[in-house]
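Residue numbers (my numbering): 574 to 1289.
Ideal Cβ positions, reconstructed from N, Cα and C, are used throughout, including at glycine.
Bear in mind the structure is a predicted one, so any value in this text is a computation, not a measurement.
Have a look at the structure below, then the notes.
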C-alpha cells in the first residue's frame, strides 16, 4: 500500500509540474507574440508603411506553394503572337514598344470579332511561344472551334497566354471569364501595391516591393479565385474613398490581386492576366518578367546594365550656368556615392578648351578645381570652339581645331588616350561627314563615338550602332536634361515630370530595356540646382530598390566592344537619305545635295541584255547614268558589296548634277544587284522612292549566253 501511495503522490506531482510548465509556456508565448505585435505596429507607425518583408501582409501566405506546369520552349520559335484591338490602340502600342525595345520577335494581327487565328504551326513546329491579347475578352469570347484550336496548340506546344483586362464605364461590377474558375471585380480604386515574393515568374522585378499611394486611375480590375492553379503576382488595397461603389462581396480589409499567374494546373495552359493596362510602371516590369518566364527564358533580358554618363560642354556656357567650386565638390561626392550602387561609375567629361575661364570669378575657380581633379574623371574632346564639324568643308580646318583642343589638354594634364569623342550637336557623325572621321583618327586616334541620330532621333527604341571607317558608333540616349534645364522648380511640365521619369517612367525604362545606355548631359545640369546629380543618384537608387538589375560602367572603348559583342548584326551601317529627315539635313553639309541620288535602278540579272538597255536609255536627253568606275566600268556596284561601306558621299560622286532636277532622271545599272541578298534592303533604305527595272528572260537563254562567254574565254 505504501508503494501504491508513493506512486500516486508522484503521479500527482508530475501532473502538477506538467500543468505548471504548460501555463508558463502559454504566458511566455503570449508575451512574445504581444511584444512582437507591438514592435510590428510600432514599425508600421514609424515608417508610415507596411513592410513587404512580413509575409503576413499577404492573404495567400497560408496557401500551399504550387509548382507551375513545366514549359518546354524547344517546340516553338521564340516569337510572340500579338492580338490588338487596332493598330492605333494605346495599350497595343505600349506592348509593341516593349517588344521592340527588348528586340523580341513578334507578329501582330487585329483581333477579329469571331476569334479567327492565323496558322500556328509550320512543318510540325510551333510558330509562337506566347500569345498576347490586348483585350482578354476577345480570347474568352472566341467561338468554340477557334478557342479549342488555340488551347490545343498551347497544350501540345507548351505555349502560354498573356491577357489584359481594362474596365470601362460599361463594365459590370463583377463578371466571370468564360471557361476559367475566376471572378473579376471591375472599376475599383486601389492603393499600396505590393509584389508577391512567392511568385515564380519574378526575375527582374525585386520582391518584396511596396509601392505606396493611390494607383493611377479608378478603373482597376481585381481577381478572386478558389482554385490552386492561380497565384497572385501583384496585389493592392482598396482605396477608402475610391469614388465608385465597391461590390459588396469584395472585402475591404484584404489585399486584392490585380495581376495573377495561372500555373497551368487547371487545363494545362499557363497564363498571366493583368487587371489594367501598362500605364502603371510595375505592370511593365512584371510584363517583361512574364514574357521571360512563359517563354522558358528564350525571350529574356540580361540582368546586366551598363551605363555611361557623358557631361558635354565642359568649360562652355554663359555666366550663371556654369559650375563653381561647391558644384565640383558635389560632383566628386556624388560620383563616390554612385560607385556604391554602380560598379566603376565615373563621370565622362567632354571639353572645349577655348572657353576655359570665361565665366564669373566663382565659375573660373570651379574650372580650376575641375582641372585639379582631372584624375578623378574620364575625359573626351569636343571641338575646340564647340563648332559643328559639318560646317568645315575641308579636313585640314578640322585638324587645326582638334590640335588646339589637344594642346590645351596636354597643357592641363587632361588624358588624351581614351579613344572616345563626341561632336557638338552630333554633327558629322550621322549623316557621315567623312572629313570628321579622318580628322578624329589623325589627331585623337578615336575608336568610339556616339550619336542619337542613327538611324533617327525618334522613336528612341530604334536607335542603333554601326561601325564606319574603323570607328565604332554607339547609340546615345537623352535623360530629360538639356542645356536650359537647370532649375528643379522650372522643369518642363513641373518637377513631378522629372521624378516620374526617374521612378518608373521614361528614364527608368531606358535603363530597363537597353543593356547599354550612354546618357547625354551638359555642364549646366551640374550647376545651380544640380539636376544631373539629382537625376542619376535617384535613378540608381530606384533601380536598385525596384529591380534585380546589376548596374556597371565601362570606359568607352570597352563599352563599344561589349555593345558589338551583344549586337554583332549592327556592325554594318544602313544608310538613309539625309533629305528625308529634317534633323539630318540640319547637320549635313550645305555643299551636299540629294539630287545626286538615282531615280531608278537597272538591277539585272546578268546576261539578259542590261548593257544594251543601258545604252538605249542613254540616247534619251533627259536620262543620265552614273559616271564609269575605274574598276567595274559602267557599274558602280554600290549596294551589293564593300563599296557600300565607303558611304553615300562616295556613291553620289558618281552622279553628275542634273541641269533640271524635275525632268532629268539619274539612274544606275548594276546587274549584280539582282541576286544580292543585301542590295534590296540597302537600296530601299537610301532611295525608297526609286523605280526598279529588271529583265526577265528564259533561264535557258541565259545559260546559253553564259556558255558562249565561257566557251570564248582564252584558256591556258
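**OP:** Give me whichever residues DSSP pairs with residue 1094 in a beta bridge.
**Re:** The beta-bridge partner set that DSSP reports for residue 1094 consists of 884.
**OP:** Can you tell me which of the three DSSP states residue 941 falls into?
**Re:** helix
Subject >> Whether residue 783 touches residue 767 by CB criterion (8 Å) >> reply: In this structure, residue 783 sits near residue 767, with a CB-CB distance shorter than 8 Å.
Original post:
Buried or exposed: where does residue 1276 fall if 16 or more other Cβ atoms within 10 Å of its Cβ makes it buried?
Top reply: With fewer than 16 Cβ atoms within 10 Å of its Cβ, residue 1276 is classed as exposed.
Original post:
Which runs of the beta strand (DSSP E) spanning at least 3 residues fall entirely within the stretch 1043-1087, listed in chain order?
Top reply: 1044-1050
Subject >> alpha helix (DSSP H) segment containing residue 758, residue limits >> reply: Careful: residue 758 lies outside any alpha helix (DSSP H), inside the beta strand (DSSP E) at 755-761.
Original post:
Can you list, in chain order, the residues of its chain whose CB lies under 6 Å from that of residue 1225, leaving out five sequence neighbours each side?
Top reply: 1169
Subject >> Opening and closing residue of the beta strand (DSSP E) in which residue 782 lies >> reply: 782-787
**OP:** Go ahead and pull the three-state DSSP assignment for residue 929.
**Re:** DSSP places residue 929 in coil when its eight states are reduced to three.
**OP:** Name, in chain order, the residues that DSSP records as bridge partners for residue 834.
**Re:** 804, 845
**OP:** Confirm, please, whether the CB-CB distance from residue 1190 to residue 1133 is below 8 Å.
**Re:** no
**OP:** Return the chain-ordered ranges of every beta strand (DSSP E) run that is complete within the stretch 703-775 and spans a minimum of 3 residues.
**Re:** 703-706, 733-737, 747-749, 755-761, 763-768
**OP:** For residue 618, I'd like the list of residues in its chain whose CB is within less than 7 Å of its CB, leaving aside the five on either flank, ordered along the chain.
**Re:** Note that residue 618 has pLDDT 32, beneath the 50 cutoff, so the model's placement of it is unreliable and no number is given.
Original post:
For the alpha helix (DSSP H) that residue 1188 lies in, which residues bound it at each end?
Top reply: 1183-1191
**OP:** Tell me whether residue 876 is buried or exposed, calling it buried when 16 or more other Cβ atoms sit within 10 Å of its Cβ.
**Re:** Classification for residue 876: exposed.
Original post:
For the candidate residues 1074, 810, 1135, 840, whose alpha-carbon lies nearest to that of residue 1335?
Top reply: Nothing about residue 1335 can be reported from this structure: the residues present for the chain run from 574 to 1289 only.
Original post:
Excluding five sequence neighbours on each side, which residues of the same chain lie with their C-beta closer than 8 Å to the C-beta of residue 650?
Top reply: In the same chain as residue 650, and ignoring 5 residues on each side of it, the C-beta atoms closer than 8 Å to its own belong to 678, 698, 699, 700, 701, 702, in chain order.
Subject >> Spatial neighbours of residue 620 in its chain, beta-carbon cut-off 6 Å, leaving aside the 5 residues before and after >> reply: Bear in mind that a pLDDT of 33 at residue 620, under 50, signals an unreliable position, so the model cannot answer this.
Original post:
Roughly how many angstroms lie between the CA atoms of residue 940 and residue 994, to the nearest whole one?
Top reply: 20 Å
Original post:
At which residues does the alpha helix (DSSP H) containing residue 1225 begin and terminate?
Top reply: 1221-1225
Original post:
Are the stretch 797-804 and the stretch 1121-1139 in contact at 8 Å, needing three or more beta carbon pairs?
Top reply: Cβ pair count under 8 Å is below three, so no.
**OP:** Would you check if the distance between the CB atom of residue 778 and the CB atom of residue 858 is smaller than 8 Å?
**Re:** In this structure, residue 858 lies closer than 8 Å to residue 778 by Cβ.
Subject >> Buried or exposed by the 16-neighbour rule on C-beta atoms within 10 Å, applied to residue 1119 >> reply: Buried: at least 16 other Cβ atoms inside 10 Å.
Original post:
Can you tell which of 1082, 795, 1083, 705 has its C-alpha closest to the C-alpha of residue 745?
Top reply: 795
**OP:** Determine the burial state of residue 1182: buried for a count of at least 16 other Cβ atoms within 10 Å of its Cβ, exposed for fewer.
**Re:** exposed
**OP:** Closer than 7 Å by C-beta to residue 1260: which residues in its own chain qualify, once you throw out the five before and the five after it? Chain order, please.
**Re:** If we look at residue 1260 and ignore the five residues flanking it on each side, its Cβ neighbours are 1150, 1170, 1171.
**OP:** Assign residue 1206 to one of two classes, buried (16 or more other C-beta atoms within 10 Å of its C-beta) or exposed (fewer than that).
**Re:** exposed
Original post:
Under 8 Å between the Cβ atoms of residue 1178 and residue 881?
Top reply: no
Subject >> Straight-line Cα distance separating residue 1002 from residue 935 >> reply: 35 Å
Subject >> For residue 794, the first and last residue of its enclosing beta strand (DSSP E) >> reply: 793-798
Original post:
Between residue 724 and residue 828, what straight-line distance do the alpha-carbon atoms span, to the nearest angstrom?
Top reply: 31 Å
**OP:** Take the Cβ of residue 975 as the centre, count every other Cβ of all protein chains shown within 10 Å, and call the residue buried at 16 or more, exposed below.
**Re:** By the beta-carbon neighbour count (other beta carbons within 10 angstroms, threshold 16), residue 975 is buried.
**OP:** Note down, one range per segment and in chain order, each alpha helix (DSSP H) of at least 4 residues found wholly within the stretch 645-702.
**Re:** You should have 663-674.
Original post:
Helix, strand or coil: which one does DSSP assign to residue 610?
Top reply: Confidence at residue 610 is low in this model, with a pLDDT of 32, below 50, so its placement is unreliable and no value can be given for it.
Original post:
What three-state label does DSSP hand residue 1274 in the structure shown?
Top reply: helix
Original post:
Mind checking residue 1285: buried by the 16 CB within 10 Å criterion, or exposed?
Top reply: Around the Cβ of residue 1285, a 10 Å sphere holds fewer than 16 other Cβ atoms; the residue is exposed.
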